[in-house]
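Reading the sequence shown from the start, the letters are residues 38 to 602 in the numbering used here. Where is the CB? At the ideal position from N, CA and C, for every residue including glycine. None of these values were measured; they are calculated from a predicted model. To keep things clear, I will list the structure first and then write my remarks on it.
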Amino acid sequence: MVSPQVFSRRESQESNIEIPVMKEEENSSLVEVYQEKSPTEANGHDERTKIQLCWDNVSYVIEKEGQETQILKSVSGKANPGELLVLMGSSGAGKTTLLNILAGRLNNTGSAKIIGQITANGTNIKDLDFGYYSAYVTQEDILLPNLTPRESLMFSSRLRMPGNYQQHVKRVDGIIEDLRLMKCADKIVGSITKKGLSGGERKRVCIGMELITDPIVLLLDEPTSGLDSFTAEVVIDLLIEQSRKGRTVMSTIHQPSSSMFDKFDKLVLLAEGHIVYQGLAADSTKYFTKIGYECPKLMNPADYYMRLLHIVDRKNLTEKEHEKIENIVAAYDSIEQDKGNYDESKLEHLKTKHLASPTNFATQFMILLSRAWTNSRRDPLAGQIVISEYITMGALLALLCNNLAKNYDSSTTRTQILFLSSTIVSFYSCQNSAMQFPNETPLFLKESKQKIYSTASYYLSKSLADIPMQFLPILLYCLIIYWAIPLNDYDASKFFIFYFILILLQLNTTGVGYILGSLVKTETLALALTPIFMQPMMLWSGLFPHVDDFPQGFSWIQYFSVRII
Ligand SMILES: Nc1ncnc2c1ncn2[C@@H]1O[C@H](COP(=O)(O)OP(=O)(O)OP(=O)(O)O)[C@@H](O)[C@H]1O
38 MVSPQVFSRR ESQESNIEIP VMKEEENSSL VEVYQEKSPT EANGHDERTK IQLCWDNVSY
98 VIEKEGQETQ ILKSVSGKAN PGELLVLMGS SGAGKTTLLN ILAGRLNNTG SAKIIGQITA
158 NGTNIKDLDF GYYSAYVTQE DILLPNLTPR ESLMFSSRLR MPGNYQQHVK RVDGIIEDLR
218 LMKCADKIVG SITKKGLSGG ERKRVCIGME LITDPIVLLL DEPTSGLDSF TAEVVIDLLI
278 EQSRKGRTVM STIHQPSSSM FDKFDKLVLL AEGHIVYQGL AADSTKYFTK IGYECPKLMN
338 PADYYMRLLH IVDRKNLTEK EHEKIENIVA AYDSIEQDKG NYDESKLEHL KTKHLASPTN
398 FATQFMILLS RAWTNSRRDP LAGQIVISEY ITMGALLALL CNNLAKNYDS STTRTQILFL
458 SSTIVSFYSC QNSAMQFPNE TPLFLKESKQ KIYSTASYYL SKSLADIPMQ FLPILLYCLI
518 IYWAIPLNDY DASKFFIFYF ILILLQLNTT GVGYILGSLV KTETLALALT PIFMQPMMLW
578 SGLFPHVDDF PQGFSWIQYF SVRII
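Given below as structure tokens:
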């Protein structure tokens, strides 16, 4: 077996797009040089496995309020190994839908139906665990903001691939080199609020995260969106390089520059759910000239196609738009060609393989704990805010109630302070954890869909990594109010009981916060949702009214409250 680097060195000297096939004698001599297992080998893929992905008469039908809408209209086509195939078309033409169907990310539901079949080397992808062979790079960059690219890739490799530490390091170094990430490998990824990597670097890291498993089919949704034309071209160059390693690379692209367009191997143009061109990108202008739509000489063909296929209002097509699309579709349909059938019979028949995590629960937990801890300790501001919240509230309470002990009838006030303490802990914990979660939900959903780890290992590791930043502020709060007021005799054991009860409450409401945070997509919504959920829990916590005064049959509700007294 040969490492991918060997392939890339050999192939970079080749200018055409032929898929390199190694001769047996070359292969065996290289085995002696490269004793290390390549990622492909580690994943169980044969080094020479190549996939032709075909889609045959695929339709996607949505049913809404009794009305059926056909998003994809019986489209057929194929993507070959060793080529970069680009999907283009006007907004809403169905590019992402097709890509998602090919990736196996869309399934039949009550309101959506997929018709037709998708095959990989002639086998229906439903009969394969296609995730084993393919990878999908989403339009959004799904990365943890406080990790570096090297750390992100390393955690991903350790979670997804077998091997020892040295093998993971080697694999990650190879990807960093392949994707030209050397300069930024040890910089923090960053986020909207925290400066980090540039858009192009971030996108390359996202591609690297998917290349960790050495997929044979690489699907990408608009990897160049939001990038300037130069950076976008760098991304395209990298995708071409990846395809030359024998991968089948398919990507949707918005508005490529003309020099970028010239680099595409194959082009699939979509209009209103129909494929209207499929073939060599370089031949597309000739084809459109032939059917009566000549691209002006000095115009970027990509711009021309976008204008030609542009529809102002999809629901109300003008007569002119309707006629134009009908003509282009009819011209394409009239071409006699084998559009969606598997024709690379020399490619190996794929066997059903199942995605199985290479790690057990304990390993997943340890890697996830280390990742979550690294990510959260690099965000000191969040911790500082939580500490200030508790210290401020503790100090205010201590200031107002510090002569409580002198007051002979202070039991009511003590009860109120206990209630207030439980409210503070519940609110802050719930709110802070709910706000954290929307940022991590896309990563968690993506990784759990890829069956990289179990939900339990993720939840446990996350809760444990958050503990220091949650236990410490509560300890500071207790130290301030318990002795300053004082809430009890100067008895250390009672102090720890008080602290312990607040910690239990904190763990509980943090869990509630995770649930709320996972229900919404933004921090703002999570913030808005917290009081809606927490306020009723305060209402029936037993302070007003007392549990004994609850309506008959409702006493159970006290257990769903922030009650600690
Ligand atoms: N589940 C769905 N329910 C209703 N409509 C849908 C659904 N999925 C897709 N659509 C509609 O199908 C059309 C095609 O969507 P798709 O995202 O595939 O377009 P696109 O070509 O990728 O567009 P863009 O370039 O703007 O991302 C759009 O009009 C979209 O609103």
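Alpha carbons only, please: which of LEU135, SER466, ASN158 is nearest the one belonging to SER96? Among LEU135, SER466, ASN158, the Cα nearest to that of SER96 is on LEU135.
Per DSSP, what kind of secondary structure is VAL271 in: helix, strand or coil? Helix at VAL271.
Buried or exposed: GLU356, going by 16 or more other Cβ atoms within 10 Å of its Cβ? Counting Cβ neighbours within 10 Å, GLU356 comes out exposed, since fewer than 16 surround it.
Ignore the nearest five residues each way along the sequence and tell me which others in GLN595's own chain have a CB closer than 8 Å to its CB. Excluding sequence neighbours, GLN595 sits near TRP577, SER578, GLY579, VAL584, PHE587.
Per DSSP, which one or two residues make a beta bridge with GLY316? Its beta-bridge partners are LEU304.
For LYS14, report the span of its alpha helix (DSSP H) as first-last. No answer is possible for residue 14: the residues shown for the chain start at 38 and end at 602.
On the three-pair Cβ rule with 8 Å, is the region 166 to 176 touching the region 210 to 227? At 8 Å Cβ cutoff, the stretches do not touch.
Just to confirm before moving on: does the CB-CB distance between GLU259 and ILE290 stay below 8 Å? Contact flag set, yes.
Closest residue to ASP340 among LEU436, SER127, ALA368 (Cα-Cα distance): Ranking LEU436, SER127, ALA368 by Cα distance to ASP340 puts SER127 first.
As assigned by DSSP and simplified to three states, the class of SER494: Helix.
Can you tell me which residues fall inside 5 Å of ligand 1, judged by beta-carbon distance to its nearest heavy atom, and keep chain order? Taken from the N-terminal end onward, the list reads ILE99, ILE108, SER128, GLY129, ALA130, GLY131, LYS132, THR133, THR134.
By the DSSP assignment, the beta strand (DSSP E) with GLU105 in it spans what residues? Counted as a single uninterrupted DSSP element, the beta strand (DSSP E) harbouring GLU105 occupies residues 104 to 116.
Secondary structure at LYS224, three-state DSSP: helix, strand or coil? In the structure shown, LYS224 sits in coil (DSSP, three-state: anything other than H, G, I, E or B).
PRO588 (DSSP reduced to helix, strand or coil): Coil at PRO588, not helix or strand.
Relative to the alpha-carbon of CYS515, which residue among LEU501, PHE535, ARG187 has its alpha-carbon at the smallest distance? For the options LEU501, PHE535, ARG187, the alpha carbon positioned closest to that of CYS515 is the one of PHE535.
Does the beta-carbon of PHE533, which I'm using as the reference point, lie nearer than 7 Å to any heavy atom of ligand 3? Judged by which ligands are present, ligand 3 is missing from the structure shown, whose ligands are ligand 1.
For the 8 Å Cβ check, are there 3 or more pairs between the region 264 to 271 and the region 96 to 105? Contact check between the region 264 to 271 and the region 96 to 105: fewer than three CB pairs, one atom from each, fall below 8 Å, which does not count as touching.
Per DSSP, cross-strand counterpart(s) of THR156: Bridge partners of THR156 according to DSSP: CYS91, ASN161.
With distances taken Cα to Cα, identify the nearest neighbour of GLU247 among TYR495, ASN397, LEU234, LEU196. That would be LEU196, whose Cα lies nearest to the Cα of GLU247.
According to DSSP, is HIS347 part of a helix, a strand, or is it coil? HIS347: coil per DSSP, three-state reduction.
Where DSSP assigns a beta bridge to LYS388, which residues make up the other side? Answer by DSSP bridge pairing: none, since LYS388 is not bridged.
Three-state secondary structure assigned by DSSP to SER628: Outside the displayed span of the chain (38 to 602) sits residue 628, for which this structure offers no information.
Residue nearest to PHE192 in terms of C-alpha spacing, selected from ILE365, LEU405, PHE481, ILE244: That would be LEU405, whose Cα lies nearest to the Cα of PHE192.
Taking its Cβ as the centre, do 16 or more other Cβ atoms sit within 10 Å of PHE19, making it buried, or is it exposed? Absent from the structure is residue 19, since the part of the chain shown begins at 38 and ends at 602.
So, at 6 Å on beta carbons, what are the nonlocal neighbours of VAL349 in its own chain, with the 5 sequence-adjacent residues on each side left out? So the list is empty, once near-sequence residues are dropped.
Can you list the alpha helix (DSSP H) stretches of 4 or more residues lying completely in the region 515 to 565, in chain order? Complete alpha helix (DSSP H) runs here, min 4: 529 to 556.
Inter-stretch contact at 8 Å, needing at least 3 Cβ pairs: the region 541 to 548 / the region 450 to 467: The count of Cβ pairs closer than 8 Å, one atom from the region 541 to 548 and one from the region 450 to 467, reaches three, so the stretches are in contact.
Could you tell me which residues DSSP puts in a beta bridge with SER466? Note: SER466 sits in no beta bridge, so no partner.
Verify whether the separation of the beta carbon atoms of ILE155 and ILE212 is less than 8 Å. No.
Can you tell which of ASN158, THR160, ILE138 has its C-alpha closest to the C-alpha of ILE152? Among ASN158, THR160, ILE138, the Cα nearest to that of ILE152 is on ILE138.
Go through the region 129 to 214 residue by residue and report every complete run of the alpha helix (DSSP H) that reaches 4 residues or more, in order. The DSSP assignment places 132 to 139, 186 to 197 as complete runs of the alpha helix (DSSP H) inside the region 129 to 214, in order along the chain (cut-off: 4 residues).
Is it buried or exposed, LEU685, if we count other Cβ atoms within 10 angstroms and call 16 or more buried? One cannot answer for residue 685 here, as it falls past the ends of the chain, which runs 38 to 602.
Work out the CA separation of ALA149 and TYR551 for me, nearest whole Å. Cα to Cα, the separation comes out at about 30 Å.
Residues of its chain near THR567, where Cβ-Cβ distance is below 6 Å and the 5 sequence neighbours each way are ignored: Contacts found: CYS467, GLN468, ALA471.
With 16 other CB atoms within 10 Å as the buried threshold, where does GLU309 fall? Taking a 10 Å sphere around the C-beta of GLU309, we find 16 or more other C-beta atoms and assign the residue as buried.
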